[in-house]
Each structure stands twice: as C-alpha cells, then as structure tokens.
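To start, the structure under review is shown below, and the notes come after it.
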Amino acid sequence: MDRIERDVLINASPQRVWAALTSAEHLGTWFGDAGATVSKLEPGGEVTLTWAEHGTGRAIIEKVEPESFFSWRWSGPLGPDPVPGNATLVEFTLTPTDGGTLLQVVESGFTQLDLPPVGQEKYASGNVGGWGHELDELREYLEK
Amino acid sequence: MSQVDDVLAALADPMRRRVLDLVAAKGPVSASALATELPVSRQAIVKHLGVLEKAELVASARAGRENNFSVRSDALDATATWMASLASQWDRRLAALKKIAEG
Numbered sequence: 016m017d018r019i020e021r022d023v024l025i026n027a028s029p030q031r032v033w034a035a036l037t038s039a040e041h042l043g044t045w046f047g048d049a050g051a052t053v054s055k056l057e058p059g060g061e062v063t064l065t066w067a068e069h070g071t072g073r074a075i076i077e078k079v080e081p082e083s084f085f086s087w088r089w090s091g092p093l094g095p096d097p098v099p100g101n102a103t104l105v106e107f108t109l110t111p112t113d114g115g116t117l118l119q120v121v122e123s124g125f126t127q128l129d130l131p132p133v134g135q136e137k138y139a140s141g142n143v144g145g146w147g148h149e150l151d152e153l154r155e156y157l158e159k
Numbered sequence: 304m305s306q307v308d309d310v311l312a313a314l315a316d317p318m319r320r321r322v323l324d325l326v327a328a329k330g331p332v333s334a335s336a337l338a339t340e341l342p343v344s345r346q347a348i349v350k351h352l353g354v355l356e357k358a359e360l361v362a363s364a365r366a367g368r369e370n371n372f373s374v375r376s377d378a379l380d381a382t383a384t385w386m387a388s389l390a391s392q393w394d395r396r397l398a399a400l401k402k403i404a405e406g
C-alpha cells in the first residue's frame, strides 16, 4: 500500500527505452545529473547515481528481464547505502504499445523507512481548508 | 517511528481510512456513533482510532462517558506533501528518460 506509481508513454521501442533505462551513460543524466555507474546488469549488480548537489547514492539490482522488467533497491533519505531502514524498491515495467512503449515505475517500502522526525516548520502548509484535497492526493498514492 | 512513518502505517489499512473519512465528515464523533455506520464492532473501531491518534491524525476529547474524536490535519499534510514531492520527482525523471529514448 505504501507506494508511488507513475507511468509515461514513450514514442520509442522497448529496446530503446531499455537502453536509456539501464545504461550508465543515460542513467547519469535522467536519474542522476552528474553521472552514474552500473557494475553489472544482473541481480546483485551495483548502480551508483550521482547528483551535483546531493552526492552519490547506491542501488542494488534485484531483477533484470531485458526490455521488459528492471528493479533495484536503492538508498533512501538517510544516507548513500540501501541498508534496512533506508531502502525502497523501485520496479520498472516496459510494455510495448502501438508504436511505442508504456513505462511504469513503482516505488514501494516507505513504511519500512526509519525516517527522522518530520520538522513541522519544514512542511507547515497552513492550509487548514486543504485537508480533503490532501487526503485525496494521498489516497491516490496509497490505492493506485 | 517518525510522524510520516506513523501516518503511512496508519493509512495502510482500508478500514482505518474509512474510519478517518467518517471522523472527518462527522467529527467530533464517538466510537459508538462510528460503529453504527461501519460494518465492524465498536471495539475494532476503538482500536483503529487508537492507531490514528498515535499517528496524530485524530485527537480525542472527553465527552461524558465517551471520547469524541476529530481530525488533525498537520500530520496528514506533512505526509501528503512528502509523497507528492517524491511522485513529482519521478515525473521529472520519466520525462527526461522519454526525451532520451525518443531523441
């Protein structure tokens, strides 16, 4: 239930989408913004993702089904390593469509994160009337 | 557990989400009153309310022999904001990936 699901329709073959999704060269631009590495494209392989502002995060590949499915467990907000309490599972599914590819991503495991207390001041919204809307939004994420 | 953890865990249960919805619609409201509108026992509702209260999603106030519950919005706002920011990060990433694959 604790998941985020997003998808995008891409006007390119699953083969091209797979290359963009899994190659270090491309991961370093669409995911990180300052480079990436992929040790091996197989279960247990390590992916590093680097951001100019935030440093490097690590992910461990879980499953590889060329041009159809790719998943990794990656580090959460607490540090660069995907250890228990600081890892979520990210799953990419590619489905061929008429002339393109539907790419779906599911990130799950948020309730297993040992998050630091949320600073009220950081998230303070002040929108007393917005409660119903926020719940709808949250429910969308939880129920999708 | 932190607030966001508590909120996510509390809302993971569909019946608890229904309880919260009802508290939002009818609050301040007692567990007995909620039990007349839901297909579970008063005892089960009291348990759900306990989890929601711990997650700071509802607050209770003594009213005669029972507690009345009403909604608190801060914890929910914080969690929704956090989840929404993660989701929009994915939208940005997928848009960038689309550009590369189509390029």
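Protein chains in written order, with the numbering used here: chain A, 16 to 159; chain B, 304 to 406. Cβ atoms here follow ideal geometry from the backbone N, Cα and C, with glycine treated the same way.
1. Quick one, which residues of the segment 72-84 of chain A are near chain B if we go by CB-CB under 8 Å, in chain order?
2. According to DSSP, is B:A364 helix, strand or coil?
3. Thinking A:K83 and A:L109 are a contact (beta carbons under 8 Å), I'd like their distance in whole angstroms, please.
4. I need the boundaries of the beta strand (DSSP E) containing B:L397, first residue and last residue.
5. Are at least three pairs of beta-carbons, each pair with one atom in the segment 349-366 of chain B and one in the segment 385-394 of chain B, less than 8 Å apart?
6. Could you check whether the segment 57-71 of chain A touches the segment 115-128 of chain A, counting it as contact only if at least three pairs of C-beta atoms, one from each stretch, sit closer than 8 Å?
7. Quick check on A:E22: does DSSP put it in helix, strand or coil?
8. Quickly, what does DSSP pair A:W66 with across the bridge? List them, please.
9. Mind reading off the beta-carbon distance from B:R398 to A:V32? Whole number of angstroms is fine, and I expect it under 8 Å.
10. Report whether the distance from the Cβ of B:G367 to the nearest heavy atom of the ligand ADP is below 7 Å.
11. Which bits of chain A does B:K401 rub up against, with CB to CB less than 9 Å?
12. Determine which residues of the segment 380-392 of chain B have a Cβ less than 8 Å from any Cβ of chain A, and write them out in chain order.
13. 8 Å is my cut-off, CB to CB: does B:L341 come that close to chain A?
14. How far does the alpha helix (DSSP H) with B:G353 in it extend, from its first residue to its last?
15. When the Cα atoms are used, what is the spatial distance from B:A366 to A:G100?
16. Just list the beta strand (DSSP E) runs in the segment 316-344 of chain B, keeping only unbroken ones of 3 residues or longer that don't cross its boundaries, in chain order.
17. In terms of alpha-carbon separation, which member of B:W385, B:K401, B:M318 lies closest to A:R18?
18. Once DSSP output is grouped into helix, strand and coil, what is the label at A:P111?
19. If we ignore side chains and look at the alpha-carbon of each, how far apart do B:V326 and A:T126 end up?
20. Would you check if the distance between the CB atom of B:L389 and the CB atom of B:V310 is smaller than 8 Å?
21. Given this structure, state the Cα-to-Cα distance separating A:V53 from A:T37, to the nearest angstrom.
22. How is the beta strand (DSSP E) around A:V53 delimited, first residue to last?
Short version:
1. none
2. Residue mapping note: residue 364 of chain B aligns to position 61 of the second sequence, counting from 1. If DSSP states are grouped into helix, strand and coil, B:A364 belongs with the strands.
3. One-based indexing of the first sequence puts residue 83 of chain A at position 68. One-based indexing of the first sequence puts residue 109 of chain A at position 94. Sequence inspection shows Ser at residue 83 of chain A; the Lys mentioned does not correspond to that position. The pair is a contact, with the Cβ atoms about 5 Å apart (cut-off 8 Å).
4. One-based indexing of the second sequence puts residue 397 of chain B at position 94. First-last for B:L397: 377-405, but that is the alpha helix (DSSP H), not the beta strand (DSSP E).
5. no
6. no
7. If you number the first sequence from 1, residue 22 of chain A lands on position 7. Note that residue 22 of chain A corresponds to Asp in the displayed sequence, not to Glu. Strand at A:D22.
8. Along the first sequence, read from residue 1 onward, the residue named residue 66 of chain A stands at position 51. DSSP output for A:W66 lists A:G70 as bridge partner(s).
9. For the purposes of this step, residue 398 of chain B is taken as the residue at position 95 of the second sequence. For the purposes of this step, residue 32 of chain A is taken as the residue at position 17 of the first sequence. Here residue 398 of chain B turns out to be Ala, not Arg, going by the sequence shown. The pair is not a contact, with the Cβ atoms about 13 Å apart (cut-off 8 Å).
10. The ligand ADP is not part of the structure shown, which contains no ligands of any sort.
11. On the second sequence, position 98 is the one that residue 401 of chain B refers to. Under the 9 Å cutoff, chain A gives V23, L24, I25, N26, A27, V32, A35, W45, L118.
12. D380, A381, T382, A383, T384, W385, M386, A387, L389, A390
13. Position 38 of the second sequence, counting from 1, holds the residue named residue 341 of chain B. With 8 Å as the cut-off, B:L341 does not count as an interface residue toward chain A.
14. Mapped onto the second sequence, residue 353 of chain B falls at position 50. Segment 345-357, the alpha helix (DSSP H) holding B:G353.
15. Taking the first residue of the second sequence as position 1, residue 366 of chain B is located at position 63. Taking the first residue of the first sequence as position 1, residue 100 of chain A is located at position 85. So the two alpha carbons sit approximately 40 Å from each other.
16. none
17. On the first sequence, residue 18 of chain A is found 3 positions in, with the first residue counted as 1. For A:R18, the nearest C-alpha among the options comes from B:W385.
18. Taking the first sequence and counting its residues from 1, one reaches residue 111 of chain A at position 96. Here A:P111 sits in strand by DSSP.
19. Here residue 326 of chain B is taken as the residue at index 23 of the second sequence, counted from 1. Here residue 126 of chain A is taken as the residue at index 111 of the first sequence, counted from 1. Approximately 23 Å, taken between the alpha carbons.
20. Within the second sequence, residue 389 of chain B is the residue found at index 86, counting from 1. Within the second sequence, residue 310 of chain B is the residue found at index 7, counting from 1. Contact flag unset, no.
21. Translated into the one-based positions of the first sequence, residue 53 of chain A becomes position 38. Translated into the one-based positions of the first sequence, residue 37 of chain A becomes position 22. Approximately 8 Å between the Cα atoms of the pair.
22. Numbered from 1 along the first sequence, position 38 holds the residue referred to as residue 53 of chain A. First-last of the beta strand (DSSP E) with A:V53: 51-53.
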